[in-house]
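All remarks here apply to the structure that follows.
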Amino acid sequence: MSETGFDHALYERFPTKGPRPEGELEELKRIWCAPKGWQLLTAVNNNYIGIYYIGTAFLFFVLAGVLSLGMRIQLAAPMQDFLPQETYNQFFTMHGTVMMFLFAVPMVEAIGVLLLPQMLAARDLPFPRLSAYAFWAYFVGGLLFFCSLFVGLAPDGGWFMYPPLTSLAYSPGINTDFWLLGIGFIEISAIAGAIEIIVGVLRTRAPGMTLDRMPVFAWAMLVFAVMIVIAFPSVILGTLLLEFERAFNWPFFDPTRGGDPLLWQHLFWFFGHPEVYIIFLPAAGLMSMMVSTIARTELVGYRLNVLAIIATGFISFGVWAHHMFATGMPRVSTGYFSAASMAVSLPAGIQVFCWIATLASGRIRWSVPALFVVGGLLVFVMGGLTGVMVGMVPFDWQAHDTYFIVAHLHYVLIGGMVLPMFGAFYHWFGMTSAKPLSERWGRWAFWLMFTGIHLTFMPMHLAGLMGMPRRIYTYLPERGLELLNLISTVGAFVIAAGVLIFSVDLVRKFRFEPDEGAGNLYGGGTLEWLPTGLYSTRSIPLVRSRDPLWDDPNLAKDVEEGRYFLPGSATGLRETLITSLLNAEPQYLQIMPGPSPWPLAAAVGTALHFLALTVQAYSFSLACGIVAVVCVLRWLWETDRPHRLREADVGGGIILPIAVTGPSSHSWWALNTLMVVMGMIALMTMFSYLYLYGIHPEVWIAPPPLGETALVATLAATAFALAWSSRRMLSRSEPGVFPGQGPWLLAAASAAALVASSSIDWTGWRAAGLDPAATGQGATVFALIAFQSATAGIAVIMALYLGYRSGRGLLSGPVNVTLDVVTRFIGYVAVQGLVTGLLPRLFTGA
Amino acid sequence: MWPPISMESPMTDASTVFDAWWGWPPPVLDPAGPYAESVTVLAWALFAMGAIVTAIVAAALFVAVAGPPRWKARLGGEHTVWIMGIAFPAVVLTGLLVWGLSLTASLTDPITGREPRIRVTAHMWWWDIEYLDAAGRVVRRDANELHLPVGQPVVLELKSADVIHSFWVPNLSGKEDMIPGRTNLLKVQADRPGRFGGICAEYCGGPHALMGFVAVAHPVAEFERWLSGTKVGAGPAVAQDVPGTVPAVTRRTPTAVDAAPQVGARDGQALFLANGCAACHRIAGTPANGLSGPDLTHLAGRLTLSGGILPNNRGTLQGWIADAQSIKPGNRMPSYDNLSAEDVAAIALWLETPR
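For the protein sequence lines, the chains are P and H, in the order given.
Whatever position you read off the first sequence (first residue = 1), add 5 for this note's numbering.
Whatever position you read off the second sequence (first residue = 1), add 37 for this note's numbering.
What follows is the structure, encoded as C-alpha cells:
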C-alpha cells in the first residue's frame, strides 16, 4: 500500500541492469571530497563531525574520570587533606556535570551522528552545517567550561545546583554562573543535534526501510532525540531563571518574596530523570544491534524491543519527583511517582530478556564486543534492581542522598551506557579506522573494567547503609567506613587501568579511513556495513528486510556498482533522498550544503558570548552575540537557492522533484520540532507561574485593565494574520516570476506587531504596579514577557533576513523554503504570545 | 540479629556508649524505633529480591551463552521475553508496590497535635534545637544535640535558616529535607535509650561533610529531668579519643593550652564578651545574646562540639576556639588564634560552667 502515491512496482526495477556511465563515481567522489589541511575544520560531513564529536566526548570522559580518581584518593582514608574542601566540592560538581552534560549525552549523540546516516544509507544528516555548529559550540564551550577548574572558578553547588545554595546570597562567586551559562548553552547544542536526528531518522531513510525495518539503534535515537526536545527546555528554562535571579534579583526561588526553592527541583528533575533514559536508550539500541551480530541471528522480539524503547520514553516523563521523596511531598504524589518508577523498569526488563533470548537462539561468536555486551547487561541489571529498591518510598527515605545511591546510579549508567559504549567502539571501529583494535588488549581492558566496577561500587551500597551521605569531602574515623572506602579507591584505579589500556590501544591503532576501513569485523547485517566513502554508499539501496546484508548476499556488490537509487549526483551538488515518514517511499531530492567556515565561526561567537556573560564583560558579549547571528545568517545565505532543474532522475528512471515546502519537506519537520522546543520552554514558564501562584497566592496583585489585555491580544492576532497573508501572497505568484517586495513586508509588519504586543504587555504590568524583583508573580510574569520578547526579536531578525534575500531577488514563488520557515515561525510566536500574554491575566490577586 | 547493645542510661560510661553511634551494624539495618524498624524489614526483603533476581538473570545469561543446546533452544524465543521480561517483573513489582504504598501510608500516619514538639532549624553547618511546650513556647534552646523520651512519638518541626539541608538519624527514621520557607513535620520515636548519630544528608556547601549531631534517647523520667534543666552530668572533662570523632592526632589543639594555669570564670566571661563572641552566641543569664550561632547555655552538658565531630572536653573546646577553621574549614566561626593560650583557657573554663 502506498503512503505518498509512489508506485511500489517501481521498486522491481532495482537492482538496475546495464553499465553505469563513465566518470559517475569520480564525480561523486569529487563532490563529496573533504577539504584538505587546516580547512578540515570547515568540514561538515558526518564522518568528520562524528569522529571529532566522539573524540571530544571521550576526552571529557577521561577528564571527568581523572577527577573521580582525585576524589577517590581523598576518600581513601578519613580526614585526609589531599583535596581541600573547596577543591573537592568543585571536583564532585564537575565530575557529575561533565559526565552527564559533556560526556554521556554528547557521546550518544555523536555516535548517532557518525552511525545514523550510514545505517539509514543517507548521504549525510539532513542539516550538515547544523551538526557542525552543534559540535563546535560543544567543543569550544565545553573546553572553556572545563578550564574554570584550573583557575578555581569551577561550580561547586553539585550537578543539580539546588538554590538557595546556588543563589547569590550563598554562592556570590562566578563559579555558579559558569555552570548556568556553560551548561545552558551546551544544552542548546544538544537540542540542535536532536532536531537533526529526528529529521534524519524520519525523512532520510533508504527507500523501503519502513519504520518496521528500521535498525533498533535508529529507533532508540529517534526516541532519544524526541526526549531531548521535550526534556531539555525545562533545564534551559531553569538555568535562565536562576541566572535572572542571580543577575537581576528576580525572586523565583526565594521563599521570602513569594518564590520557592522546590520550583527549581521540579524544573531540574523534569529534565534530570528523563536524562538518565536519554543516555541509556541509545546505548540499549547499540546493545540490540551488537547482540544480534554476536549471536549471528535476528533480534528476538524486535517489536517488543521497539515498544519498550517508546514506553521508556513516555514513562520517564512521569517519574521526576522520585528524586524529591524526602522533600515532604503529599502522600498521593509519592504514591504516584513510586508506581511510575516501578513501571519504568518493565520496559528495561523487556529489553534485557530480548537480548538474553537472542543470545540463546543464535550461535555466539566470542569477541571483545561480546564481553562488553554480556558484562554490561549484568551490571545494568544489578543497578536496575537497586533502582527498584529506591523506587520504594520508605526505603528511599533511608537510602536517598547516601552512597547507596552513588552505587546505584553508577551501576545503571556504567552497565547501561559505558560498557555498551566500549563494546560499540570495538564493534564499529572497522567503519572508520584502517586497522582494528587488538582483541587481546581488549580482553584485558574489559576484565579490568568489569572487576574494577564491582570493587569500586559494591562496597558503596554498604557505606550508604552505614550512614555515609553523598557529596562529602571527608568522613570521620572509626565509623566503620575506612575499609569500604579504601576498597572503592583501589577499584577506581583498576577501572582506570582498563580505560588506560583501551586508550593506548586506540592511539596505537586508530587510522581515520572512511573509504577503506578495516571493515565488517564482526559480520553485521545492517546497511552501515555496505562499502562506503565520504558520500556514504555509492548508490542508496532498496531495503527489503531488517538485516538486508544477511538476506541479500549480492546487495553490497550491487550497491557498489551503482545499481540502486542515486548512483551519482543528479544536480552536480551534494544531495540526498528524502523519503516518506512511515514507508520510506522516495519523495524528493534534497540539495545539501558543503563545507563552510561559518558554522565554526558562529559556534565560537556563541561560546564567547556566553563566556563573556559569565565574567560580566557585557559589551564584548554583545559583540560576540552579533557576530554569531551574522555568521548563522551567512551560512544560511548560500542555502535555498533556486536550482535550474526542477526535477531529477534518481535512478531506475524514477523522476523526483528537487526541494519542496509544506508537510512533505524536511525543513517543515525541523521547524515543527523547534516549535516543540520553544513551546516546552513557554509551557514550563507557565508551569512556574502557576506553581508559585499555588504556593504564594498572597503576594499576587490584580492584572492590568481589560482594554489593554484586548490590545495585547489583538496585536498578536494581527501578527498571525499578517504572517498568513504573506504566505498567501507568495503562493499566488507565478512560478519563476519574482513576487515583489509584498511578502517580506507583510512578514516584517507581522514581526513588528509582535514586538509592539510584547512592549505593551511589559509596560502595562509595570503600570499595574508589578515589579519583577518584588514577588514571585512579578518574576514569573516578566519571565513570560521576556521570553516572548526574545522570540519576537528573533522573528524581527528573520523578517529582515527575508527582506534582504527578497531585495537580492532570491525570493521565488509559489513556494520558497525561507519564506515558509520565517512566516510559520512568526505565526507560532504570535500564538505563543497570545497564550503566554493572557494566562497571567486570568489570576487575580488574593 | 545483631548483638544487643546494653545501655540502661545513656549517660554512663562514654567510651562504651559512643560505640553504638556509628559503624557496625549499619544504622539503617539497626532500628531503634518503630519508624525505622518497618523500613528495615522492607530493606531485607528488597535485598533478598535483588539477590534472587540477579541470580535468575545471571543463570539465564549463562544458559544463553554457554548452556547445553536443548536449554538454549528453550530460552531462545519471544516467549522468554513474555514470561521473564514482562510477567515475572510485573508480578514482583506489583507486590512490592502494594507493600511500599501501604508502608508509606503507615509511616506518614497523621500527626495528632498532642505529641511533644521539637523545632529543629538547620543552619550552615549546625543544628538549632528548640524544645516547645504545648503552647508552642520555647522551653529550652540547645544546639547539635537532640534529646528524646523513649517510647513516645515526638514531632520534629524541620526548618532551615539558609539553604536546603536534610535531617537524618538512620537508627530512628528516614530522612526529611529542611527547606527554606517551609516547615516539614517528621514523627520519630525511639524505643530504646541510646545515642544515635545524625547527619545532614543534603549537600549544603562548604563543610557539609562535617554537619552532624547526636540524638540522645532517655527514659521518660530522665528526659523530663533533663528538659526541666536539672543537671544531668557534663561531658568527659579529660581529652580522650572517642570513636566516630576526629582523633587527637589530627586535631590542632594548641599544646600550650593544656599547661595553661586555671583562670577565674569571671575573666572568661569578660574575654568572651570583649572578643565579640556574643555577637553570634547566646548564653542565658548573661549579656551574651547572639542568635546566629549555636546557643552555648548548655554547652557543658553536651557530648560533642562543632556539629558532632569533636568529643566535648577541655582540650577540644580550647582547640576549637583557637583554631575552628582548621578543624572544620569554611565554617562560620573564626579561628581566635590572636588570643593567648591563657585567654582561650579562661573562655573555655567559663563555657564549661554548668548552667
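From the three backbone atoms N, C-alpha and C, an ideal C-beta is built for every residue, glycine too.
- Contact check between the segment 837-845 of chain P and the segment 757-765 of chain P: three or more CB pairs, one atom from each, fall below 8 angstroms, which counts as touching.
- The contact set of H:T141 on chain P, defined by CB atoms closer than 8 angstroms, consists of R336, T339, G340, S343, V398, P399 in chain order.
- Along the segment 402-433 of chain P, the positions whose C-beta sits under 9 angstroms from a C-beta of chain H are W402, Q403, A404, H405, D406, T407, F409, read in chain order.
- Looking at the backbone, the Cα of P:C359 and that of P:W224 are separated by about 15 angstroms.
- With respect to the 8 angstroms criterion, P:W184 and P:T102 are classified as neighbours on the basis of their beta carbons.
- Nearest to H:V78 by C-alpha distance, out of P:G75, P:T828, P:M394, is P:M394.
- If you look at H:K196, you'll find it in the beta strand (DSSP E) that goes 191-197.
- Using beta-carbon distances, H:D332 does not count as an interface residue toward chain P, since no partner is under 8 angstroms.
- In this structure, P:Y478 and P:Q79 form a Cβ contact; the two beta carbons are roughly 7 angstroms apart against a cut-off of 8 angstroms.
- Annotated three-state conformation of P:Y593 is strand, per DSSP.
- For the segment 77-98 of chain H, the beta-carbon criterion of a distance under 7 angstroms to any beta-carbon of chain P is satisfied by L79, A80, L83, G87, V90, T91, V94, A95, A97, L98.
- If you check the CB distance, P:L789 and P:A137 do not come in under 8 angstroms.
- The shortest C-alpha to C-alpha distance from P:A612 to any of P:H13, P:T391, P:I188 is the one to P:I188.
- With the criterion set as a beta carbon lying under 8 angstroms from some beta carbon of chain H, the members of the segment 304-325 of chain P are V305, G306, L309, in sequence order.
- Between the alpha carbons of P:A607 and P:F743 lies a distance of about 31 angstroms.
- With a 10 Å radius around the Cβ and a threshold of 16 neighbouring Cβ atoms, P:W433 comes out buried.
- Of P:P546, P:L247, P:F455, the smallest CA-CA separation from P:G567 is found for P:P546.
- Residue pairing from DSSP places H:C237 in a beta bridge opposite H:F204.
- The Cβ of H:S203 sits closer than 8 angstroms to at least one Cβ of chain P.
- Between P:T61 and P:F190, the gap from beta carbon to beta carbon reaches 8 angstroms or more.
- Annotated three-state conformation of H:H335 is coil, per DSSP.
- Comparing C-alpha distances from P:L227 to each of P:L627, P:I179, P:Q403, P:G290 shows the shortest one belongs to P:G290.
- In this structure, the straight-line span from the alpha carbon of P:G23 to that of P:D510 is close to 45 angstroms.
- Neighbourhood of H:W61 in chain P, by CB distance below 8 angstroms: M471, G485, in chain order.
- Contact between the segment 84-100 of chain P and the segment 153-169 of chain P is established, with three or more Cβ pairs separated by less than 8 angstroms.
- One thing to note: P:S550 has its Cβ no nearer than 8 angstroms to the Cβ of P:P122.
- Inter-residue distance for H:P147 and H:L222 is about 10 angstroms (C-alpha atoms, whole angstroms).
- At the C-beta level, P:G333 and P:T407 stay beyond 8 angstroms of one another.
- Along the length of the segment 552-587 of chain P, whole beta strand (DSSP E) runs at least 3 residues long occupy 580-584, reported in chain order.
- Under the three-state reduction of DSSP output, H:S210 falls in the coil class, being neither helix nor strand.
- Cβ contact annotation for H:Y72 (same chain, cutoff 8 angstroms, sequence separation greater than five): L144, L209, S210, G211, K224, V225, Q226, in chain order.
- Secondary structure of H:R156 (DSSP, three-state): strand.
- Within the segment 90-110 of chain P, the residues whose Cβ lies closer than 8 angstroms to some Cβ of chain H are Q90, E91, N94, listed in chain order.
- Fewer than three Cβ pairs drawn from the segment 673-680 of chain P and the segment 190-209 of chain H lie within less than 8 angstroms of each other, which leaves the two stretches out of contact.
- Taking C-beta separations shorter than 7 angstroms and ignoring five residues to either side along the sequence, the partners of P:A501 in its chain run G70, L74, following chain order.
- Against chain H, a Cβ distance below 7 angstroms from P:F358 picks out T117, V118, M121, G122.
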